[in-house]
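Student: Here you go, one structure.
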Amino acid sequence: MGACGSKRLEKVDLREHWLSRDDCLQSSGVVWKTGEEIEAAGRDCFPDDVMTCTIEKDLFKLWPVLSFMQGIGTLHQVDGRAIDLGRKIVHLLYELAKKPIAKNLVYHVDPGQEAVISFKGFNLDGAKLKITITSLPDNGELYQLSQVFSQYGYEPKREPQPITTVPTVITGSMNRAVFLRSIYGGPSLNSKYAEFRYTVSNANGETSAEAIVVITTNDALVTSTFDTGVENWSIVSNGVGQPVHQPISRGGLLSYYIYGLDKVIQRREDGDDGMRWYFLAPSKFLGNQWASYGGTLEFVLSSAEGSFDASNLNLQGRGNFVVIECNTCAQNAGVRLAMPLSKTFSYDGSTTQFRLPLNERAGWVKDPKNVLLTWQQPSQCEMVRVLSAISSLQILGDFTRGHESVALDTVSIKHGQGIPRACYTS
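In the numbering used here, the protein residues as written are 483 to 908.
Structure (structure tokens):
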């Protein structure tokens with residue numbers, strides 16, 4: 483196989499993917515993958531002596547992000563000679579995995595209450611980790627554990643004075659500290675109350691990247707209630723621009739809301755409206771919403787005008803209901819995820835509250851960016867990466883072939899368990 487005739491393979495980052503029996507690891511820490519066979523070399527264009535290999539048994543298990551050796555496998559060269567690369571692989575994976583990882587955390591603390599924060603990290607050898615606070619919370623105060631609570635579990639939990647400088651090493655047992663929320667002040671309900679950061683270090687002095695601790699006012703990370711206005715929501719794909727604020731209550735789920743209308747109906751040959759509009763979320767819903775993984779996106783829809791009969795629905799009741807985009811994902815190529823309309827998530831014009839789970843198994847699909855390919859379920863870590871760098875969040879408002887008005891109320895992103903261990907990178 484000559485270099486010019488070589489097949490260009492997919493480059494897969496070891497730190498972001500599971501390895502399987504179809505993967506061949508090189509000393510560079512990069513996997514070159516075709517799906518059926520592996521042509522492995524250290525360059526994009528492969529030399530004549532390229533190695534084609536398979537792995538006879540599963541060698542790897544993800545822990546926590548990187549991989550370590552479970553057993554020794556044999557890689558076969560094209561001429562049939564067996565080459566044992568087990569020792570080389572073990573050494574490489576150890577070098578990649580030994581740097582510790584600090585875990586992002588979410589805590590809910592009520593006004594005037596305190597919470598014991600347990601900092602968490604992963605490391606290869608399981609040895610004790612040192613916790614260092616690298617930034618202080620913008621609201622509330624962080625305290626070291628009192629000696630009596632640290633050793634015996636008795637009140638008071640915290641030292642008399644808060645931590646005021648960084649970096650500060652946590653001294654409490656089991657890597658714990660106390661967060662105190664003031665009874666007054668701070669941001670509004672249904673939002674992040676505070677954030678601060680920390681790192682973990684192992685006995686060799688190797689330090690993780692910073693992790694984030696989020697303190698919430700309740701289980702919602704961010705919410706729009708529309709009590710005082712449109713809250714910078716807009717409408718896209720139909721030229722309307724801004725929704726209308728309606729400061730009235732219609733009872734039940736709908737009270738002080740926004741709504742949008744069809745400005746233009748572009749009728750296609752099949753009868754569908756070719757310009758379907760969406761509610762576009764403001765900046766507070768964007769950016770790093772990592773804590774939402776495993777949580778939900780919730781909102782209320784209602785309609786006062788339009789026929790939602792099945793025969794009058796665009797795309798026969800299919801299409802994208804909610805779209806989440808990350809412009810910086812996939813090395814800035816961008817990733818778009820969508821929740822399609824379905825039997826699970828459909829809309830008939832009545833006042834309805836929707837709760838869309840924010841995990842890869844809930845029905846989300848990934849845009850292949852090729853009209854000949856079908857949208858597929860994202861991987862767990864793809865879902866996490868998109869939620870960690872949201873550039874756009876859109877909710878469908880245009881369901882029918884004709885004119886309709888659709889109202890939106892009480893939009894919130896509620897936190898889940900946060901980033902799974904498999905999706906951390908050091």
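All C-beta atoms, glycine included, are put in the ideal place defined by N, C-alpha and C.
Predicted, not measured: the structure shown is a model, and the values here were computed from it.
Put F824 into one of helix, strand or coil per three-state DSSP.
Tutor: Here residue 824 is Ser; the residue named in the question, Phe, does not match the sequence. Coil.
Student: Of all the alpha helix (DSSP H) runs that stay within the bounds of the region 621-694, which reach a length of 4 or more residues?
Tutor: Runs found: 629-634.
Student: Exposed or buried, which one is V804 when buried takes at least 16 other CB atoms within 10 Å?
Tutor: By the neighbour-count rule (16 or more Cβ atoms within 10 Å), V804 is buried.
Student: Can you look up L797 in the DSSP assignment and give me helix, strand or coil?
Tutor: Three-state result, L797: helix.
Student: Out of L743, I717, V712 and G734, which one is the CA nearest neighbour of Q728?
Tutor: Here the closest residue by C-alpha is V712.
Student: What does DSSP give as the partner residue(s) for D743 in the beta ladder?
Tutor: The amino acid occupying residue 743 in the given sequence is Leu; Asp does not appear at that position. According to DSSP, which records beta bridges pairwise, L743 is partnered with S887.
Student: Once you ignore the five residues that flank I885 on each side, which residues in its own chain have a CB closer than 7 Å to its CB?
Tutor: Looking at the sequence provided, one finds His at residue 885 rather than Ile. Same-chain partners within the cutoff: D744, I747, E787 and G788.
Student: Could you check which residue in P644, S737, S655 and L819 has the C-alpha nearest to that of K610?
Tutor: Checking every option, the nearest Cα to that of K610 belongs to S655.
Student: Do you know offhand how far G742's Cα is from F781's?
Tutor: Answer to the nearest angstrom: the Cα atoms are 15 Å apart.
Student: According to DSSP, I583 sits in a beta bridge with which residue or residues?
Tutor: The partner list for I583 (beta bridge, DSSP) reads F604.
Student: For E842, name the three-state secondary structure that DSSP assigns.
Tutor: Coil at E842, not helix or strand.
Student: Closest to G831 by CA distance: which of L890, P582, G801 and S861 is it?
Tutor: Considering only alpha carbons, the answer is L890.
Student: Closest by CA to E688, which one among S784, N720 and I613?
Tutor: The residue with the shortest Cα to Cα distance from E688 is I613.
Student: Check the C-beta distance from S785 over to S617 and give it rounded, since I have them as a contact under 8 Å.
Tutor: That pair is no contact at about 45 Å.
Student: Give me, in chain order, the residues of the same chain whose beta-carbon lies closer than 7 Å to that of Y739; leave out the 5 immediate sequence neighbours on both sides.
Tutor: Same-chain partners within the cutoff: F708, Q728, A889, L890 and D891.
Student: Classify Y876: buried if its beta carbon has 16 or more other beta carbons within 10 angstroms, exposed otherwise.
Tutor: According to the sequence shown, residue 876 is Gln rather than Tyr. When all chains shown are included, Q876 counts as buried.
Student: Beta carbon of F767, beta carbon of I665: below 8 Å?
Tutor: No, they are not a contact pair.
Student: Any idea what DSSP makes of K610, helix, strand or coil?
Tutor: Three-state result, K610: coil.
Student: So M821 and L795 are supposed to be a Cβ contact under 8 Å. How far apart are they, rounded?
Tutor: Incorrect: roughly 17 Å between the Cβ atoms, too far for contact.
Student: Would you call A817 buried or exposed, if buried means 16 or more other Cβ atoms sit within 10 Å of its Cβ?
Tutor: One point to set straight first is that residue 817 is Val, not Ala, in the sequence displayed. That one is buried.
Student: Spell out the partners DSSP gives L779 in its beta bridges.
Tutor: Its beta-bridge partners are L838 and I895.
Student: Could you spell out where the alpha helix (DSSP H) holding L854 opens and where it closes?
Tutor: First-last for L854: undefined, no H or E at that position.
Student: Rounded to a whole number of angstroms, what is the C-alpha to C-alpha distance between N621 and A676?
Tutor: The straight-line gap from Cα to Cα measures roughly 5 Å.
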